[in-house]
Amino acid sequence: MDRRAFLKGSGGLLVSFTLPGLVPVAHAQSVTGIDAAGQTVSKASTAKGEVDAWLAIAPDGRVTVYSGKVDLGTGARTALAQMVADELDVGFHQVDLIMGDTLLTLDQGQTAGSLTIQDGGGTLRRAAACARRALVTRAAAQWSVDAGTLAVSDGVIATPGGERRIGYGELVAGKPLQVALDPAVPLKAPAQHKLVGKNVPRVDIPGKVTGRFTFMQDFRLPGMLHARVIRPAGPGAKLVSIDEASIRDLPGVRIVRKQDFLAVLSPSEWGAVKAARMLQVKWDDPPHFPDQADLYAYWRKLPVSSVETPASKGDTATALAGAARRIEATYEFPPHTHGSIGPACAVADFRDGQCTIWSAAQSTHSLQGEIALTLGVDKAKVRLIYLDGAGCYGRNGHEDCSADAALVSQLAGAPVRVQWMRADEHGWDPKSPPTAIDLKGGLDAQKRPVAWQSAFYVAAQKGSIAEFPLLATVTSGIKRPAYVTGNISKNADIQYALPNVSTKVYRLTDSAFRTAHLRSPGRLQNAFANEAFFDELAAAAGADPLQWRLEYLSDPRARAVLEDVARLSGWDHKTARSIRRKGDPRDTMHDVVRGRGLAFVRYDNDRTYVATVVEVAVNRKDGQIRVTDVWCSHDCGQIISPDGTRNQIEGGIVQTISRVLMEELRFDTHRVTSVDWASYPILRFPDVPNIHISLIDRPEAPPWGAGEMAPATIPAAISNAVFAATGVRLRSVPFLPEKMLAGLKGAAGGKSKVAAVTEDKVTVEKATA
Numbered sequence: 036m037d038r039r040a041f042l043k044g045s046g047g048l049l050v051s052f053t054l055p056g057l058v059p060v061a062h063a064q065s066v067t068g069i070d071a072a073g074q075t076v077s078k079a080s081t082a083k084g085e086v087d088a089w090l091a092i093a094p095d096g097r098v099t100v101y102s103g104k105v106d107l108g109t110g111a112r113t114a115l116a117q118m119v120a121d122e123l124d125v126g127f128h129q130v131d132l133i134m135g136d137t138l139l140t141l142d143q144g145q146t147a148g149s150l151t152i153q154d155g156g157g158t159l160r161r162a163a164a165c166a167r168r169a170l171v172t173r174a175a176a177q178w179s180v181d182a183g184t185l186a187v188s189d190g191v192i193a194t195p196g197g198e199r200r201i202g203y204g205e206l207v208a209g210k211p212l213q214v215a216l217d218p219a220v221p222l223k224a225p226a227q228h229k230l231v232g233k234n235v236p237r238v239d240i241p242g243k244v245t246g247r248f249t250f251m252q253d254f255r256l257p258g259m260l261h262a263r264v265i266r267p268a269g270p271g272a273k274l275v276s277i278d279e280a281s282i283r284d285l286p287g288v289r290i291v292r293k294q295d296f297l298a299v300l301s302p303s304e305w306g307a308v309k310a311a312r313m314l315q316v317k318w319d320d321p322p323h324f325p326d327q328a329d330l331y332a333y334w335r336k337l338p339v340s341s342v343e344t345p346a347s348k349g350d351t352a353t354a355l356a357g358a359a360r361r362i363e364a365t366y367e368f369p370p371h372t373h374g375s376i377g378p379a380c381a382v383a384d385f386r387d388g389q390c391t392i393w394s395a396a397q398s399t400h401s402l403q404g405e406i407a408l409t410l411g412v413d414k415a416k417v418r419l420i421y422l423d424g425a426g427c428y429g430r431n432g433h434e435d436c437s438a439d440a441a442l443v444s445q446l447a448g449a450p451v452r453v454q455w456m457r458a459d460e461h462g463w464d465p466k467s468p469p470t471a472i473d474l475k476g477g478l479d480a481q482k483r484p485v486a487w488q489s490a491f492y493v494a495a496q497k498g499s500i501a502e503f504p505l506l507a508t509v510t511s512g513i514k515r516p517a518y519v520t521g522n523i524s525k526n527a528d529i530q531y532a533l534p535n536v537s538t539k540v541y542r543l544t545d546s547a548f549r550t551a552h553l554r555s556p557g558r559l560q561n562a563f564a565n566e567a568f569f570d571e572l573a574a575a576a577g578a579d580p581l582q583w584r585l586e587y588l589s590d591p592r593a594r595a596v597l598e599d600v601a602r603l604s605g606w607d608h609k610t611a612r613s614i615r616r617k618g619d620p621r622d623t624m625h626d627v628v629r630g631r632g633l634a635f636v637r638y639d640n641d642r643t644y645v646a647t648v649v650e651v652a653v654n655r656k657d658g659q660i661r662v663t664d665v666w667c668s669h670d671c672g673q674i675i676s677p678d679g680t681r682n683q684i685e686g687g688i689v690q691t692i693s694r695v696l697m698e699e700l701r702f703d704t705h706r707v708t709s710v711d712w713a714s715y716p717i718l719r720f721p722d723v724p725n726i727h728i729s730l731i732d733r734p735e736a737p738p739w740g741a742g743e744m745a746p747a748t749i750p751a752a753i754s755n756a757v758f759a760a761t762g763v764r765l766r767s768v769p770f771l772p773e774k775m776l777a778g779l780k781g782a783a784g785g786k787s788k789v790a791a792v793t794e795d796k797v798t799v800e801k802a803t804a
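FYI, the numbering used here numbers position 585 of the sequence shown as 620, with every residue one higher than the one before it.
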């Protein structure tokens, strides 16, 4: 049975909604709407400083939580419910979450940066603590007893002997709490937690396993039309003409257009697909992209919009000039597509000057404004309701698809479902920008590091999150910034205590790539260069990479993850090279060599600590690199859900291995050409490595994120492991077989992977691999 038949049999395919009139949230103190499950929901307040804006307690004692953050398949629904239930002293299954509905939830910022638990959960936790304190105080006053003598369990307040008992629902009686949100409210001590730190089964998994869960792609509205947007020949193309006669024979098909935005509609999805394929369109298609072979040369020649200096310590130039040994290297990271497994989908209904959109976007609140601009209406007239999509690793195609649906609905005057195809997702989602990094390091006569100089060439940020340049916005004639790539200079500066350090970040103004966040944006690329180059210096000094890191890190938590991963992996620098594994049929004594590499990161240099050891198997005959084992030590402070944290770490590791070994956006001068899984391959199940995770739980510490942190260690760990196995340095992602073979050939031909020259009696080693 295929999934569609399975869903039909389970009743999970059709969900009907009643569309309420929209309430301008910015001017309302209470709202009533239909939630994502089709239930009428009344909310007592929209003021951030009031507990009623964050949770409500029904007469039956059930707790509804309003979260501006959403669950992108990460298990956030479960973890946030654990935090609220523990702080409020109610049962886990008494908590329901409404997430990402712009009418019913407040803007807590985009669901990104692994901040859902740290920031979003922190607010909900304080709201729950304030509610509990107020309810206990209210019961104490009603009974004329000391509030400190009362106990609460499963939402029931009781006196010490149990003579008097009252449930939250009875105490509230369906009325607003009218309690201020106190940012300094005392929270429970870890010893009092019953749910936080425990494995609680995820609430979404049963529905997903049985097919009853409603993904965005499953959602339907009564009477809706199906649409396909006709994509231009390339990002710079302009619409010249349409031959409407080419689809005249298709029943019920319509065309809508606004400048270069073009779409076809049909009562059936297959009808829309056929119309999109058959419609004859002419485009003026000028070149748009640089020549791919010259990507990094093009990138370096772009205008510099600004220069940042994350680190400046000592006199690096003088220290380099006086070094006994100098090493130089350049690292490169290409553009990637998000590659969400399920192409984007959205449903919109524009009526009476207002638009409701069901979307899998990770940033429903910021998207609200950009769609309003696209439609030419006030922001308060646009409502987004979040439904889970099939994969989201940054700002992918969901936002664009949502704007597509909204604009088509407005132009057609009917509810509309837009389903992207694979070529849409791969070809038109915003990409991660290219990155180039130059590094120089110096060692003294005792082989100790005396200088570190780095220059990062990264994309500029031209717009805010709320100004994300949606395809529908731009093609319908509204000028917007070219990209949004904020915070990608994070982790450019190193945490190692070296005497002379200089780090510069050059922000480049580009017009070719429409870019946005992709998992661990910037941090992954920056940590790749820093951690691999640190290993280069260690190798030049003949030092153990682990011991060198420990020597130049004073932070005890940084040292702890490194020592822990060494224990977990059985790290031994002397035996980390030319490892043999008996019994693996893919290894032969002559063709396959193995090695281990290490990398460390403190994400953003102020949050989660991660240390990772990777083992690779390199086939010297065909150049194939396999990651066979990964050991990861992870300290994200207080752990809310251990199993959920492991899920996040494992998923991030697997995806990043795929990005490092296989993924590379392909394009010609007009368009993206890697528009399917054949031209943009990803890691398959047989190549998923053994992953070993050690979670360092710190219950007294703030909870930090886990989704984007471990990935930042993977590229450097793989590069370092390849060097340990083969003596070849790979510095340009992806590490394709042809690159590996070229490095091996250079080594076999007597050419050093690092070309050494002498200048003024100082050895300067320049990377060429």
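For each residue, glycine too, the CB sits at the ideal point set by N, CA and C.
Distance CB(residue i)-CB(residue j) smaller than 7 Å
{"i": "residue 443", "j": "residue 288", "result": "no"}
{"i": "residue 449", "j": "residue 392", "result": "no"}
{"i": "residue 587", "j": "residue 531", "result": "yes"}
{"i": "residue 520", "j": "residue 544", "result": "no"}
{"i": "residue 118", "j": "residue 161", "result": "no"}
{"i": "residue 187", "j": "residue 124", "result": "yes"}
{"i": "residue 390", "j": "residue 107", "result": "no"}
{"i": "residue 696", "j": "residue 769", "result": "yes"}
{"i": "residue 724", "j": "residue 664", "result": "yes"}
{"i": "residue 471", "j": "residue 331", "result": "yes"}
{"i": "residue 315", "j": "residue 284", "result": "no"}
{"i": "residue 129", "j": "residue 98", "result": "yes"}
{"i": "residue 152", "j": "residue 114", "result": "yes"}
Selection from the options that minimises the alpha carbon distance to residue i
{"i": "residue 327", "options": "750, 679, 541, 469", "result": "469"}
{"i": "residue 741", "options": "669, 764, 706", "result": "669"}
{"i": "residue 662", "options": "185, 524, 693", "result": "693"}
{"i": "residue 526", "options": "748, 257, 477", "result": "748"}
{"i": "residue 609", "options": "760, 168, 99, 264", "result": "760"}
{"i": "residue 334", "options": "112, 185, 257, 547", "result": "547"}
{"i": "residue 813", "options": "153, 257, 168", "result": "No statement about residue 813 is possible, as the shown extent of the chain runs from 36 to 804 and does not include it."}
{"i": "residue 756", "options": "628, 699, 270", "result": "628"}
{"i": "residue 641", "options": "754, 611, 558", "result": "558"}
{"i": "residue 317", "options": "272, 361, 358", "result": "272"}
N-terminal and C-terminal residue of the beta strand (DSSP E) that residue i is part of
{"i": "residue 653", "result": "644 to 654"}
{"i": "residue 729", "result": "725 to 730"}
{"i": "residue 669", "result": "660 to 670"}
{"i": "residue 317", "result": "315 to 319"}
{"i": "residue 420", "result": "417 to 421"}
Rounded separation between residue i and residue j - CA only
{"i": "residue 2", "j": "residue 87", "result": "Because residue 2 is not part of the residues shown, which for the chain are 36 to 804, the question remains open."}
{"i": "residue 281", "j": "residue 298", "result": "14 Å"}
{"i": "residue 132", "j": "residue 104", "result": "10 Å"}
{"i": "residue 565", "j": "residue 529", "result": "7 Å"}
{"i": "residue 673", "j": "residue 376", "result": "31 Å"}
{"i": "residue 703", "j": "residue 369", "result": "15 Å"}
{"i": "residue 295", "j": "residue 204", "result": "55 Å"}
{"i": "residue 149", "j": "residue 552", "result": "12 Å"}
{"i": "residue 497", "j": "residue 339", "result": "13 Å"}
{"i": "residue 191", "j": "residue 185", "result": "10 Å"}
{"i": "residue 236", "j": "residue 452", "result": "33 Å"}
{"i": "residue 720", "j": "residue 321", "result": "40 Å"}
Host alpha helix (DSSP H) of residue i (start-end)
{"i": "residue 173", "result": "157 to 178"}
{"i": "residue 118", "result": "111 to 123"}
{"i": "residue 690", "result": "677 to 696"}
{"i": "residue 244", "result": "240 to 245"}
{"i": "residue 436", "result": "432 to 447"}
Next item on the list: State whether the stretch 700 to 717 contacts the stretch 645 to 658, with contact taken as three or more CB pairs (one from each stretch) at a distance under 8 Å.
Entry: By the Cβ rule, the stretch 700 to 717 does not count as touching the stretch 645 to 658, because fewer than three pairs are nearer than 8 Å.
Check: Quick one: any contact between the stretch 724 to 736 and the stretch 622 to 640, if contact means 3 or more CB pairs under 8 Å?
Finding: Remark: fewer than three beta-carbon pairs, one from each stretch, lie closer than 8 Å, so the stretch 724 to 736 and the stretch 622 to 640 are not flagged as touching.
Checklist line | Validate contact between the stretch 421 to 439 and the stretch 396 to 410 using beta carbons, cut 8 Å, 3 pairs | finding: The stretch 421 to 439 is in contact with the stretch 396 to 410.
Check: Can we say the stretch 78 to 86 touches the stretch 211 to 225, given the rule of at least three CB pairs closer than 8 Å?
Finding: Contact holds: three or more Cβ-Cβ distances are below 8 Å.
Note to self: Below 8 Å, how does it come out for the stretch 632 to 649 and the stretch 130 to 147: are there three or more Cβ pairs, yes or no?
What the structure shows: No contact exists between the stretch 632 to 649 and the stretch 130 to 147.
Notebook entry, point to check: Between the stretch 339 to 359 and the stretch 402 to 422, do three or more beta carbon pairs fall short of 8 Å?
Noted result: Because the criterion of three Cβ pairs below 8 Å is not met, the stretch 339 to 359 and the stretch 402 to 422 do not touch.
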